[in-house]
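Enquirer: Questions regarding the structure given below will be posed in turn.
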Amino acid sequence: MGYQRIVIKLGTSVLTSGSRSLDKAHMVELARQMALLMHSGVEVVLCTSGAIAAGREHLQYPVLPDTMPNKQLLAAVGQSQLILAWSELFSIYGLHVGQLLLTRADLRDRERYLNARDTLNALLDNNIIPIINENDAVATNEIKVGDNDNLSARAALLCDADLLVLLTDQKGLFDADPRTNPDAKLISSVKNIDADLRSLAGGAVSGLGTGGMATKLEAADIARRAGIEVVIASGHHLNVITKVANKEPVGTHFSAIDNPLESRKQWILAGPASEGRLVLDSGASVAVTQNGRSLLSKGIIKVEGKFERGAPIMLVDEKGKVLAKGMSRYCASALALIAGKHSNEIESLLGYNYGVAVVHRNDMVLLDE
Ligand SMILES: Nc1ncnc2c1ncn2[C@@H]1O[C@H](COP(=O)(O)OP(=O)(O)O)[C@@H](O)[C@H]1O
Ligand SMILES: N[C@@H](CCC(=O)OP(=O)(O)O)C(=O)O
35 MGYQRIVIKL
45 GTSVLTSGSR
55 SLDKAHMVEL
65 ARQMALLMHS
75 GVEVVLCTSG
85 AIAAGREHLQ
95 YPVLPDTMPN
105 KQLLAAVGQS
115 QLILAWSELF
125 SIYGLHVGQL
135 LLTRADLRDR
145 ERYLNARDTL
155 NALLDNNIIP
165 IINENDAVAT
175 NEIKVGDNDN
185 LSARAALLCD
195 ADLLVLLTDQ
205 KGLFDADPRT
215 NPDAKLISSV
225 KNIDADLRSL
235 AGGAVSGLGT
245 GGMATKLEAA
255 DIARRAGIEV
265 VIASGHHLNV
275 ITKVANKEPV
285 GTHFSAIDNP
295 LESRKQWILA
305 GPASEGRLVL
315 DSGASVAVTQ
325 NGRSLLSKGI
335 IKVEGKFERG
345 APIMLVDEKG
355 KVLAKGMSRY
365 CASALALIAG
375 KHSNEIESLL
385 GYNYGVAVVH
395 RNDMVLLDE
């Protein structure tokens, strides 16, 4: 059984072929491959970078101070050029495109998340290619990260894809950065993303890219935990898109986990970055990770960061190892008061009680390897 719905992320390095401007000739080739899939009944969602690069090109490489508003200026100008280019290229193959500019806020808010999902499905149901990019004009912190790798993973969760393809300027994930290590070897398949594997991935070097391999691994981990296979490959490999769609061995393949998260936990995992951290004692760490229990106040050693009730937080052990991501039932200041105390003291200490579990197991996604 082939893939039915594929999210394809094209990094800046692929769209510019390492130059300062969009490589329209290569974009035609990529559009041809995606059109071939669409016409064969495989649904394609395109997550495209390149707005900032396109903006610089359109304005003829203005010398601008490296400020956030100027990056947003370039992205705002470039996005219109980018979507125009994709619209014209796909029209060659008889396909229309629809633009979705998303931010983390759109994916954090459940209603906006569901609205975006409905739009994606409506476009695909009508054989129209959804084209997604970060809404850089308003999403300042995302421009600083500029991370379309993670955006494409969230798009894959949003549209319930069965494959995420991250195309870049390297053949895949290597055991070291191939730019600086000529002896680096390509890793062809990954069954588990652990700290050792993450340590192989450096940041962006191409100068035009933003995410680097580190964000590609973050994206791969989110997608695979939701049951979505992932491939990282070179956007310049001959027929890379059709080959990956046909399950030919190209790039680095990441297996999906056997028991994918249900949709609410996918939403927690792919939701906003964590705002706080709870340090758990050894007993709570075992209870949460090995016994699947909820986190009680007694097991909290330390509360780090400021966050409100319902905010996503990271649960770590005494050595700082990340154990889980969850939604806290209490704000940071309340947790600081009840940390280390027995659950039956909550009411007396706070004057209110949202329940014994500080983070309920149904609001928790385990991340320990
Ligand atoms: N272990 C690794 N394997 C492959 N590439 C790596 C690795 N570590 C760092 N990199 C760097 O990540 C870059 C790809 O990320 P990036 O420049 O952001 O491209 P894109 O624009 O496609 O996101 C590669 O050009 C490479 O220099
Ligand atoms: N929204 C930005 C995306 C930046 C980004 O993630 O770039 P890359 O690391 O090349 O995928 C743009 O279109 O330039």
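First residue of the sequence shown: 35, per our numbering; consecutive thereafter. Cβ coordinates follow ideal geometry from the N, Cα and C atoms, glycine included.
1) Report the option in ALA368, ASN182, ARG188 and PRO212 whose CA atom is closest to the CA atom of LEU201.
2) Quick check on DSSP: helix, strand or coil for VAL390?
3) Would you tell me roughly how many angstroms separate the C-alpha atoms of ALA210 and LEU123, rounded to the nearest one?
4) Would you please state the rounded distance, in angstroms, between the beta carbons of ALA150 and LEU136? I believe it to be under 8 angstroms.
5) So, with DSSP's three-state summary, where would you put LEU242?
6) Enumerate in chain order the residues of its own chain whose CB-to-CB distance from LEU197 is below 6 angstroms, with the five nearest sequence positions on each side excluded.
7) Cβ-heavy atom distance between SER222 and ligand 1 below 6 angstroms?
8) For ARG167, is the beta carbon positioned less than 6 angstroms from some heavy atom of ligand 2?
9) Is the number of C-beta pairs between the region 283-297 and the region 342-349 that are closer than 8 angstroms three or more?
10) Go ahead and label GLY407 buried or exposed: buried means 16 or more other beta carbons lie within 10 angstroms of its beta carbon, across all protein chains shown.
11) Under three-state DSSP, which class holds VAL284?
12) Counting C-beta neighbours from all protein chains within 10 Å, is the total for ASN160 16 or more, i.e. buried, or is it exposed?
13) Report all residues from its chain with a CB closer than 8 angstroms to the CB of THR276; omit the five preceding and five following residues, and keep chain order.
14) Ordered along the chain, which non-local residues of its own chain (more than five positions away) have a Cβ less than 6 angstroms from that of LEU158?
15) So SER328 and ARG395 are supposed to be a Cβ contact under 8 angstroms. How far apart are they, rounded?
16) Along the chain, where does the alpha helix (DSSP H) that runs through ALA87 open and close?
17) Check whether the Cβ of ARG54 sits closer than 6 angstroms to any heavy atom of ligand 1, and report yes or no.
18) CB SER377 to CB LEU330, shorter than 7 angstroms?
19) With C-beta atoms as the reference, is VAL313 less than 7 angstroms away from LYS336?
20) What residue ranges within the region 298-328 form continuous alpha helix (DSSP H) runs of no fewer than 4 residues, ordered along the chain?
21) Please state the DSSP three-state secondary structure of SER125.
22) Please confirm whether any heavy atom of ligand 2 lies closer than 6 angstroms to the CB of GLY89.
Expert: Looking at the atomic coordinates:
1) Numbered from 1 along the sequence shown, position 167 holds the residue referred to as residue 201. Residue ASN182 is the option with its Cα nearest to LEU201.
2) For this step, residue 390 is matched to residue 356 along the sequence shown. Three-state DSSP puts VAL390 in coil, outside helix and strand.
3) To locate residue 210, count along the sequence shown from 1; it is residue 176. To locate residue 123, count along the sequence shown from 1; it is residue 89. Between ALA210 and LEU123, the C-alpha separation is close to 36 angstroms.
4) One-based indexing of the sequence shown puts residue 150 at position 116. One-based indexing of the sequence shown puts residue 136 at position 102. Contact holds; Cβ gap of about 6 angstroms.
5) Numbered from its first residue, the sequence shown carries residue 242 at position 208. Residue confidence for LEU242 is low, a pLDDT of 43 falling below 50, so the modelled location carries little weight and cannot support an answer.
6) For the purposes of this step, residue 197 is taken as residue 163 along the sequence shown, with counting starting at 1. Taken in chain order, the residues that qualify are TYR37, ILE40 and GLU263.
7) Counting from 1 along the sequence shown, the entry for residue 222 is found at position 188. No; taking the cut-off as 6 angstroms, the Cβ of SER222 has no heavy atom of ligand 1 nearer than that.
8) Within the sequence shown, residue 167 is the residue found at index 133, counting from 1. It is Asn, not Arg, that sits at residue 167 in the sequence shown. Answer for ASN167: yes, Cβ within range of ligand 2.
9) no
10) For residue 407 there is no data in the structure shown, the boundaries of the chain being 35 and 403.
11) In the sequence shown, residue 284 corresponds to position 250, counting from 1. DSSP places VAL284 in coil when its eight states are reduced to three.
12) Along the sequence shown, read from residue 1 onward, the residue named residue 160 stands at position 126. Exposed, because fewer than 16 other Cβ atoms sit within 10 Å of the Cβ of ASN160.
13) Walking along the sequence shown from the start, residue 276 turns up at place 242. Here the set comprises GLN67, LEU70 and LEU71.
14) Residue numbering aside, residue 158 sits at position 124 when the sequence shown is read from its first letter. GLU77, listed in sequence order.
15) As a position in the sequence shown, residue 328 is number 294, starting the count at 1. As a position in the sequence shown, residue 395 is number 361, starting the count at 1. Yes, SER328 and ARG395 are in contact; Cβ-Cβ is about 5 angstroms, under 8 angstroms.
16) In the sequence shown, counting from the first residue as 1, residue 87 sits at position 53. Taken as a continuous stretch (DSSP letters only), the alpha helix (DSSP H) holding ALA87 covers 85-92.
17) Position 20 of the sequence shown, counted from the first residue, corresponds to residue 54. ARG54: no, Cβ never under 6 angstroms from ligand 1.
18) Looking up residue 377 in the sequence shown gives position 343. Looking up residue 330 in the sequence shown gives position 296. Their beta carbons are under 7 angstroms apart, which means SER377 touches LEU330 by this criterion.
19) Counting from 1 along the sequence shown, the entry for residue 313 is found at position 279. Counting from 1 along the sequence shown, the entry for residue 336 is found at position 302. Yes; because the gap between Cβ atoms is below 7 angstroms, this pair is in contact.
20) 316-323
21) Within the sequence shown, residue 125 is the residue found at index 91, counting from 1. DSSP places SER125 in helix when its eight states are reduced to three.
22) Stepping through the sequence shown from its first residue, residue 89 is reached at position 55. No - ligand 2 has no heavy atom lying nearer than 6 angstroms to the Cβ of GLY89.
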